[in-house]
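Here is the structure we will look at.
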Amino acid sequence: MRLTAVIPTRNRPADLGKAVASVLAQTRLPDTLMIVDQSPGDESRLAVESQLAGGASLRLDYVHDTAITGLVDAKRVAAGRADGDVVCFLEDDIVLEADFFEQIERGFVERPEMLGCCGVVTNLPPLPAFYVTLFHLFHRGMFADRRVGIHGFANGRGQALIASDYLSGGLSAYRREVFAAVPFDTVNELFMTEDIDFSTRAARHFGAHFFINPNARLAHHMSPVNRAAIGARQRRKAREFFVFYKKRRTGLADGMAFAWLLCGLAIEACFAAARYRRMGALAGFFAGIGDGMGWRVREIAGRDRA
3 MRLTAVIPTR NRPADLGKAV ASVLAQTRLP DTLMIVDQSP GDESRLAVES
53 QLAGGASLRL DYVHDTAITG LVDAKRVAAG RADGDVVCFL EDDIVLEADF
103 FEQIERGFVE RPEMLGCCGV VTNLPPLPAF YVTLFHLFHR GMFADRRVGI
153 HGFANGRGQA LIASDYLSGG LSAYRREVFA AVPFDTVNEL FMTEDIDFST
203 RAARHFGAHF FINPNARLAH HMSPVNRAAI GARQRRKARE FFVFYKKRRT
253 GLADGMAFAW LLCGLAIEAC FAAARYRRMG ALAGFFAGIG DGMGWRVREI
303 AGRDRA
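Listed below in structure tokens is the structure:
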């Protein structure tokens, strides 16, 4: 089995260097490391080349193109170039545990019916004691998400794979044939929900062949570079969930689940406003409601229409 590791990046050379170092320290190296760089300068390329200066038994495919417009477009470009049987997408501010790719490969070998999976994050920020319960209270029906309560809580090896249509994009892996049937949505301006938009459309197309692999783990050191302010994040999240809902709604139950989710997102925005002492969190949430209500879903080019 050939593995291609893909790291989209923009203006984060220091973070990217650490991520690449953790790739090179793997017990099972990927066959190809692809960097999709949207930065205006060469700092990221130099950071990668310095990591590879000692020689590494993998192929580097460095794509440097400022015309690539964002994370989803970078993934689209990577999926079209990748030569691996399995394509792994990684954030540029992560550090992999040493056997990450070994565990990813083992999952696909032991479960040949699996078409996609994601690993788990080990270093979640401190969460309120009630967070997981509150999350699952409001994420019901089409929004039910098994990842919360697994990220940050997985320990040891040899754990069973967990069926899930919701996969985290920055530590995900798919068999390459998935991309021939399910295109990335580059037209609805997704970012925060781009990963679950793709994985749930893949699950709708192929069926229940997608899993969380709690044995493949990494630390996510969230870079402050390119991070939106709290108000902008709340606005984007609300709008993107509107788009997510509009693309999938089929009946009254979906509408009720979405209305209930919005109640939960409103509570989250209130907590964010109190925590950061910024009313912009609430203002952003309500602006996102307006954005989402007015958003007309754009059709994705490609085979899938889910």
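Residues 3 to 308 (the numbering used here) are what the sequence shown spells out, left to right.
Just so it is clear, CB atoms sit at the ideal spot from N, CA and C, and this is done for glycine as well.
Cβ shell of residue i (< 6 Å), same chain only, five flanking positions each side left out
i	result
ASP17	ASP94, ASP95, SER225
ALA175	VAL88, CYS90, ILE106, CYS119
Proximity to residue i [Cα-Cα], best of the options
i	options	result
THR6	ASN13, GLY56, ASP87	ASP87
GLY154	HIS138, VAL89, VAL134, VAL25	VAL134
ASP187	PHE102, ARG229, ALA303	ALA303
GLY151	GLY171, SER41, LEU126, GLY294	LEU126
GLY294	ASN157, LEU98, ALA261	ALA261
PHE287	ALA271, THR34, PRO32	ALA271
GLY282	ALA58, ARG250, ILE232, ARG251	ILE232
ARG4	LEU284, ASN157, VAL111	VAL111
LEU173	LYS77, ALA55, ASN157	LYS77
LYS20	LEU54, ARG30, VAL79	LEU54
Buried versus exposed call for residue i [16 or more other C-beta atoms within 10 Å across all chains shown]
i	result
TYR278	exposed
ASN190	buried
ASP44	exposed
MET258	exposed
ALA230	exposed
ARG12	buried
HIS222	buried
SER46	buried
ILE70	buried
ALA146	exposed
PHE213	buried
THR252	exposed
ALA80	buried
Neighbourhood of residue i by C-beta distance below 8 Å, restricted to the same chain and skipping five residues each side
i	result
MET194	ARG235, ARG238, LYS239, GLU242
GLY266	LEU136, PHE137, LEU139, PHE140, HIS141
ARG300	VAL189, ASN190
GLN309	With the chain covering only 3 through 308, there is no way to say anything about residue 309.
Residues near residue i by beta carbon distance below 7 Å, same chain, minus five either side
i	result
GLN2	The structure shown does not extend to residue 2, since the chain is modelled only from 3 to 308, so the question has no answer here.
Integer-rounded CB distance, given that residue j should sit under 8 Å from residue i
i	j	result
VAL65	VAL38	5 Å
ALA84	ARG148	With 8 Å as the limit, ALA84 and ARG148 do not qualify as a contact, their Cβ atoms being about 27 Å apart.
THR68	PRO42	6 Å
VAL227	ARG203	That pair is no contact at about 30 Å.
PRO15	ALA49	4 Å
VAL180	LEU92	With a Cβ gap of about 17 Å, VAL180 and LEU92 do not count as contacting.
ALA255	GLY171	In fact, because the Cβ distance is near 27 Å, the residues do not count as touching under 8 Å.
Residue-chain proximity (residue i, chain B), Cβ-Cβ < 8 Å
i	result
GLU99	Chain labels in this structure do not include chain B; a single protein chain is all it has.
Would you check if there are 3 or more beta carbon pairs closer than 8 Å linking the region 198 to 208 to the region 107 to 121? Touching, yes, given that three or more Cβ pairs across the two stretches are closer than 8 Å.
How about the region 188 to 204 and the region 245 to 261: do they share at least three Cβ pairs that are nearer than 8 Å? yes
Would the region 268 to 282 and the region 156 to 163 be scored as touching if the rule is three or more Cβ pairs under 8 Å? no
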